[in-house]
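S.K.:
Residue numbers (our numbering), protein chains in the order written: chain A, 1018 to 1104; chain B, 1018 to 1104.
#1: Entirely within the region 1046-1102 of chain A and at least 3 residues each: give me those beta strand (DSSP E) ranges in chain order.
#2: Beta strand (DSSP E) containing residue 1027 (chain A): first to last residue?
#3: The region 1048-1062 of chain B: which residues have C-beta closer than 7 Å to a C-beta of chain A, in chain order?
#4: Using only the alpha-carbon positions, how far apart do residue 1094 (chain A) and residue 1049 (chain A) sit?
#5: With distances taken between CB atoms, is the gap from residue 1057 (chain A) to residue 1063 (chain B) smaller than 8 Å?
#6: Looking at the structure shown, is residue 1032 (chain B) part of a helix, part of a strand, or coil, going by DSSP?
#7: Got a sec? Which residues, its chain only, sit under 8 Å from residue 1082 (chain B) by beta carbon, not counting five neighbours each side?
#8: Using a C-beta to C-beta distance shorter than 7 Å, which residues of chain B count as neighbours of residue 1117 (chain A)?
#9: Could you check how far apart the C-beta atoms of residue 1054 (chain B) and residue 1020 (chain A) are, in whole angstroms? I think they sit under 8 Å.
#10: For the candidate residues B:1037, B:1039, B:1100, B:1038, whose alpha-carbon lies nearest to that of residue 1071 (chain B)?
#11: Is there at least one Cβ from chain A nearer than 8 Å to residue 1097 (chain B)'s Cβ?
#12: Report back the beta-carbon spacing between residue 1077 (chain B) and residue 1068 (chain B) to the nearest angstrom; my notes put them in contact at under 8 Å.
#13: Within the 8 Å Cβ cut-off, does residue 1068 (chain A) reach chain B?
#14: State yes or no: is the beta carbon of residue 1032 (chain B) nearer than 8 Å to at least one beta carbon in chain A?
#15: Counting only the same chain and skipping the five closest in sequence on each side, list residues whose C-beta sits under 8 Å from that of residue 1108 (chain A).
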């Protein structure tokens, strides 16, 4: 068994209104960042998984997304798997 | 001016307690994901930036982190810049 770090990002679908992102966009404009065209906010989960292969870790991570971490009606997710580095 | 997509992830420093991550770890164990060794939660911001080069976009993104998006006492951040794809 090896340890893998799954970086799971969960973001709202593009068609879903994102008030947090709009607020951050406005705040960045007020701070002088006039080049900001838009902000979408999301969640990030770094999951340490014990698995025999990165393929198994990937499939476990995707199952976690569908069963707990993401709301498939409003959100989409992506998972990146990497061997765990020492932190 | 080109458009770049900055994927900014903001996570708690490893030494900072993360109750949300602990709760998710426990929930995943209850769902049968026994291979989960730990979860750290964080935030993700996808910022669309108009800039002349990816280097300028990178430096703008890092300035946004230090001035608004991250709390440097408790959090660390990383920025990845990519040319904007059509969505």
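C-beta atoms are modelled at their ideal positions from N, C-alpha and C, and glycine is treated no differently. Just so we're clear, the structure is a prediction, and the values are computed from it rather than from any experiment.
M.R.: Taking the structure as given:
#1: 1053-1068, 1092-1100
#2: Numbered from its first residue, the first chain carries residue 1027 (chain A) at position 10. Unbroken beta strand (DSSP E) run through residue 1027 (chain A): 1019-1029.
#3: 1048, 1050, 1052, 1053, 1054, 1055, 1056, 1057, 1058, 1059, 1060, 1061, 1062
#4: In the first chain, the residue the question calls residue 1094 (chain A) occupies position 77. In the first chain, the residue the question calls residue 1049 (chain A) occupies position 32. Approximately 31 Å, taken between the alpha carbons.
#5: Position 40 of the first chain holds residue 1057 (chain A). Position 46 of the second chain holds residue 1063 (chain B). Yes; because the gap between Cβ atoms is below 8 Å, this pair is in contact.
#6: As a working note, residue 1032 (chain B) is residue 15 in the second chain. Coil, per DSSP.
#7: Sequence index remark: in the second chain, residue 1082 (chain B) carries index 65 (1-based). Only 1025, 1027, 1094, 1096 meet the Cβ criterion.
#8: Here chain A has residues from 1018 to 1104 only, and residue 1117 (chain A) is not among them.
#9: Along the second chain, read from residue 1 onward, the residue named residue 1054 (chain B) stands at position 37. Along the first chain, read from residue 1 onward, the residue named residue 1020 (chain A) stands at position 3. Right, their Cβ atoms sit about 7 Å apart.
#10: Sequence index remark: in the second chain, residue 1071 (chain B) carries index 54 (1-based). Nearest C-alpha to residue 1071 (chain B): B:1100.
#11: Translated into the one-based positions of the second chain, residue 1097 (chain B) becomes position 80. Residue 1097 (chain B) does not count as touching chain A.
#12: Here the question's residue 1077 (chain B) lines up with position 60 in the second chain. Here the question's residue 1068 (chain B) lines up with position 51 in the second chain. 6 Å between Cβ atoms; contact.
#13: Along the first chain, one-based indexing puts residue 1068 (chain A) at 51. Yes - at least one Cβ of chain B is within 8 Å of the one on residue 1068 (chain A).
#14: Position 15 of the second chain, counted from the start, is the residue given in the question as residue 1032 (chain B). It does not: the Cβ of residue 1032 (chain B) has no partner Cβ on chain A nearer than 8 Å.
#15: No information on residue 1108 (chain A) is available, as it lies outside the stretch 1018 to 1104 that chain A covers here.
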